[in-house]
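Quick notes on the structure that follows.
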Amino acid sequence: MPKLSPRDIRRKIQGIKNTRRITNAMKVVSAAKLRRAQELIYASRPYSERLYEVLKSLASHVDPQTHPLFEVREEKVCDLVLITADRGLAGAFNSNLIKRAEDIIKDKQEKGVRVNLILIGRKGVQYFGKRNYNTLKAYDEVFRKEINFHVVKEVGEVLRKRYTERETDAVYLINNEMVTRVSYRPVVRNFLPFERIEGEGDYGVYEFEVDR
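Right under this line is the structure:
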C-alpha cells in the first residue's frame, strides 16, 4: 500500500468529517419522522380500538341473516391481507410479518382451505411475488409519503364484494403493532366475518365524531 502524503491524509480526514455531518443530519430527520409516526399511531389507536369493539358488539346482537358481513360460514376459502413496509434495513420488522403469514398459509392449506393474498407494501409484494402463491392484489410504494386513502378504499371494497358474493369465507389482516419505539409484534385479526363478543356487556347506542 503506497504511503499517503500529509495532503491525502487531510483530505481523508475531511471526507470522514463530511460523512459524519451527513449521517448526523439523517439521524435528525429520521428521529423527526419517527416521532411524527408515533404521534399519528397514538392519536388513532383509541378510536380504532373502540370502533373494533363496537363492531364486535354489533356482531353479537345482530341476526347474521340480516347482513352478509355478519354471516359465519364454513371456511373453504380465505383472504389474507398482509401489510409490510416498502423499505428494508428494519431488523425483523418485515421478516416476522412474512413468517407469520407463511405459518398461517401452511396451517390453512393443511386444513384444506384455499388461501388468497392481498399484499400492501413492497417487501411483501417482492417476497410472495417470487413464490407460488395466489395473489389477488398487490400494492407497493404506498408508504413513501402517506398511505393513499384510495388504496384503503379499494381494498375494503374488494374484500366486501368478495365476502358478500361468497367468493371467500373469511378475511384475515396481518400487520405490525407497535409496542415501544423499537419493538413491534405481528398481529393477526379476524377481519370478516365480524367477531362476536360472548356474554353480557355494555351495548348501548354509539356515536363517533372524529376530531378535526
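Each residue of the sequence shown is one higher than the one before, starting from -13 at the first, in this note's numbering.
Even glycine gets a Cβ: it sits at the ideal position worked out from N, Cα and C.
The model shown is predicted, which means the values in this text are computed figures rather than measured ones.
For residue i, the first and last residue of its enclosing alpha helix (DSSP H)
i      : result
THR70  : Unbroken run through THR70: none, as it is neither H nor E.
LYS94  : 79 to 96
LYS139 : 135 to 150
VAL111 : 108 to 115
Beta strand (DSSP E) segment containing residue i, residue limits
i      : result
TYR170 : 169 to 178
LYS123 : 121 to 125
ASN118 : Note, ASN118: premise wrong, no beta strand (DSSP E); not H, not E.
THR166 : 156 to 166
Local Cβ density within 10 Å of residue i, reported as buried at 16 or more and exposed below that
i      : result
GLY1   : exposed
ILE104 : buried
LEU20  : exposed
ALA87  : buried
ASN118 : exposed
PHE135 : exposed
Cβ-Cβ distance between residue i and residue j below 9 Å
i      : j      : result
ILE106 : VAL63  : no
TYR125 : VAL141 : yes
Integer-rounded CB distance, given that residue j should sit under 8 Å from residue i
i      : j      : result
THR154 : GLY110 : Incorrect: roughly 19 Å between the Cβ atoms, too far for contact.
TYR170 : PHE79  : 6 Å
ALA156 : LEU122 : That belief does not hold up - the Cβ atoms of ALA156 and LEU122 are roughly 14 Å apart, past 8 Å.
ILE84  : VAL174 : So it is not a contact: roughly 13 Å between Cβ atoms.
LEU209 : THR150 : In the structure displayed, the chain extends from -13 to 198; residue 209 sits before or after that span and is not available.
GLU61  : VAL99  : 6 Å
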